[in-house]
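Peer 1: Take the sequence shown: its position 116, counting from 1, is numbered 116 in the UniProt record's numbering, and each next residue is one higher.
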Amino acid sequence: MHLPKMSKPLPETTTETTNNILLSGNFDKFSDDEKLKRFLHKNPDAHIYTALGKKWGSVKDLECAKWIYEKLLIVNPTAVEPNWVDWSNDIRLLRTQVLGDLVDNPHKEICRRFKIANMDSFWKDNIRCPAKLRKHWDRFHSTTNNKPTSSEIDWHSTGWAGGTV
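Below is the structure:
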């Protein structure tokens, strides 16, 4: 039997790779301290995190979360201070899973979008935290993209007439 030639040779398996594979399956056998050390080694930009690293965010994720909370207080002055780890984690997930490489400055885009939501009569009641912004991102983005940020009706607009007026 003749096998086709491969364009690139297969990479050699190293002990390190094998150990990582074996260890990842036995993660529960490690102490909490060891789990945290491994988490921090794997995620060096983690600034705020839960005890075992299940939820976490970077410095910029936390700054973005705090900015969102400040804007939320404008709409709802009695808003309870959030769990910063949860909010930072949601910002991180929005940044990495939803935005990815689509924008140069994802934190700025997240803040910009939250500001738009805060000024919209419908969205300000539906998006009050990063988790809801993430949940409604596609629908919110499509309904508000390239629209004025004001929720006020322009009674003098003739745009509805399609050039007939």
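The C-beta atom is built at its ideal place from N, Cα and C for all residues, glycine as well.
Bear in mind the structure is a predicted one, so any value in this text is a computation, not a measurement.
#1: Looking only at its own chain, which residues have a Cβ that is under 7 angstroms from the Cβ of K55, when we skip the five neighbours before and after it?
#2: Hey, would you say K66 sits closer than 8 angstroms to F114, going by beta carbons?
#3: So is G100 buried or exposed if we call it buried at 16+ other beta carbons inside 10 Å?
#4: Report back the beta-carbon spacing between P44 and L94 to the nearest angstrom; my notes put them in contact at under 8 angstroms.
#5: Quick one: is L52 buried, meaning 16 or more other Cβ sit within 10 Å of its Cβ, or exposed?
#6: Which term fits S58, buried or exposed, when burial requires 16 or more other beta carbons within 10 angstroms of its beta carbon?
Peer 2: Let me spell this out:
#1: Y49, V85, D86, N89
#2: no
#3: exposed
#4: Actually they do not touch by this definition, with Cβ atoms about 21 angstroms apart.
#5: exposed
#6: buried
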